[in-house]
Amino acid sequence: MPSRKTASGAPVAFGLIVVGDEVLIGGRSDAHLSHFRALLGQRGHTLAWHWLLPDEPSVLTDHLRFSMARGAPVFVCGGIGSTPDDHTRASAARAAGVTLERHPEAVALIEGRFGDDAYPDRILMADLPAGCGLVPNQYNQIPGFRLSRHFFLPGFPRMAWPMAEWVLDEGFPAAAALLQELSVRVVGVPESRLVPLMRRFGDRHKDCKLFSLPHIGEDPHILLGIRGRGDLRRSFAALCTELETERLQYFLSGS
Numbered sequence: 322m323p324s325r326k327t328a329s330g331a332p333v334a335f336g337l338i339v340v341g342d343e344v345l346i347g348g349r350s351d352a353h354l355s356h357f358r359a360l361l362g363q364r365g366h367t368l369a370w371h372w373l374l375p376d377e378p379s380v381l382t383d384h385l386r387f388s389m390a391r392g393a394p395v396f397v398c399g400g401i402g403s404t405p406d407d408h409t410r411a412s413a414a415r416a417a418g419v420t421l422e423r424h425p426e427a428v429a430l431i432e433g434r435f436g437d438d439a440y441p442d443r444i445l446m447a448d449l450p451a452g453c454g455l456v457p458n459q460y461n462q463i464p465g466f467r468l469s470r471h472f473f474l475p476g477f478p479r480m481a482w483p484m485a486e487w488v489l490d491e492g493f494p495a496a497a498a499l500l501q502e503l504s505v506r507v508v509g510v511p512e513s514r515l516v517p518l519m520r521r522f523g524d525r526h527k528d529c530k531l532f533s534l535p536h537i538g539e540d541p542h543i544l545l546g547i548r549g550r551g552d553l554r555r556s557f558a559a560l561c562t563e564l565e566t567e568r569l570q571y572f573l574s575g576s
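The sequence shown begins at 322 in the working numbering and counts up by one.
Have a look at this one:
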């Protein structure tokens with residue numbers, strides 16, 4: 322198993338799908354977004370997008386079919402239990418164009434954990450999309466599953482988060498260079514004043530991504546900066562030079 326500290330891979334952009342009516346109606350808060358963003362960032366990967374979906378089979382199937390067709394890795398948290406409102410397993414199977422089948426290894430794990438009490442309901446969690454692999458769950462031995470580069474995990478953070486770490490350790494070595502950000506605070510001008518400068522800079526510096534974030538209120542300013550991997554100092558210096566050439570007032574972030 323590769324070490325989490327091994328920095329030898331390429332950066333990977335992940336998706337995150339959180340499933341649950343209780344999050345949408347306010348019964349629970351979504352803790353997954355901030356955790357997965359940090360977990361991936363620590364390894365040099367990125368969270369490219371995040372969906373919050375209801376426990377509705379047609380919605381889940383349509384969205385999973387779309388994301389599976391894109392081919393990027395996606396974590397899916399929630400809805401893989403055995404109660405009637407858990408639709409993620411069946412929706413994943415429909416999205417992938419396969420049937421639900423009782424997975425023998427999942428059966429053994431669930432029977433080993435619960436014995437006779439696995440029947441008649443808990444064993445339903447072993448009904449998984451045909452051809453899928455398992456994601457081990459050290460918390461209670463009830464596995465998640467992987468299918469079409471999607472990794473299906475429980476909704477409970479104490480189960481899902483260690484399982485996600487296992488997925489990353491197994492298949493996604495840490496990136497050799499972490500994503501970094503450098504920025505300045507530009508004051509005294511509207512954001513539109515920066516558009517020509519941003520276009521010129523973007524054309525000349527393809528090694529990084531330029532961003533602009535206006536702030537209003539008592540301290541109005543525009544946070545202008547770059548994101549990228551490796552040494553950004555030369556590109557950042559060029560950005561500052563562009564601002565000085567335009568006679569725009571700026572301050573380094575944090576000053």
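From the three backbone atoms N, C-alpha and C, an ideal C-beta is built for every residue, glycine too. Since the structure is predicted, the reported quantities are computational estimates derived from the model, not experimental observations.
Could you tell me how far apart the beta carbons of residue i and residue j are, in whole angstroms, since I believe they sit closer than 8 angstroms?
i, j, result
"GLU408", "ASP376", "In the sequence on display, residue 408 carries His and not Glu. Yes, they are in contact, since the Cβ atoms of HIS408 and ASP376 sit about 6 angstroms apart, within 8 angstroms."
"HIS366", "PHE335", "6 angstroms"
"GLY465", "GLY341", "GLY465 to GLY341, Cβ: 15 angstroms. No contact."
"ALA496", "ALA369", "Actually they are not in contact, since the Cβ atoms of ALA496 and ALA369 sit about 14 angstroms apart, beyond 8 angstroms."
"HIS471", "ALA558", "The pair is not a contact, with the Cβ atoms about 42 angstroms apart (cut-off 8 angstroms)."
"ALA447", "VAL428", "5 angstroms"
"LEU374", "ASP351", "Actually they do not touch by this definition, with Cβ atoms about 11 angstroms apart."
"ILE444", "LEU503", "At roughly 54 angstroms, the Cβ-Cβ gap does not stay under 8 angstroms, so ILE444 and LEU503 are not in contact."
"PHE493", "ILE401", "About 21 angstroms; that fails the 8 angstroms criterion."
"LEU544", "SER513", "Not quite, the Cβ-Cβ distance comes to about 16 angstroms (not below 8 angstroms), so this is no contact."
Determine the DSSP secondary structure at residue i, reduced to helix, strand or coil.
i, result
"HIS353", "helix"
"ALA331", "coil"
"LEU445", "helix"
"PHE493", "coil"
"VAL510", "coil"
"LEU573", "strand"
"ARG525", "helix"
"LEU560", "helix"
"LEU518", "helix"
"GLU565", "helix"
Please classify residue i as buried or exposed, where buried requires at least 16 neighbouring CB atoms within 10 angstroms.
i, result
"LEU534", "exposed"
"GLU563", "buried"
"ILE537", "exposed"
"ARG479", "exposed"
"PHE396", "buried"
"THR382", "buried"
"GLY551", "exposed"
"ILE346", "exposed"
"SER556", "buried"
"VAL516", "exposed"
"SER379", "exposed"
"PRO450", "buried"
According to DSSP, what are the bridge partners of residue i?
i, result
"GLU502", "ARG548"
"HIS542", "HIS536"
"LEU531", "ILE547"
"ILE346", "Paired residue(s): none; ILE346 is not in a bridge."
"LEU337", "HIS371, PHE396"
query: What are the complete alpha helix (DSSP H) segments, minimum 4 residues, inside the region 348–423?
result: At a cut-off of 4 residues, the continuous stretches assigned as alpha helix (DSSP H) that sit fully inside the region 348–423 are 353–363, 378–391, 409–417.
field: Length at least 3, wholly inside the region 422–489: the beta strand (DSSP E) runs in chain order
entry: Correct list: 448–450, 454–456, 465–468, 471–474.
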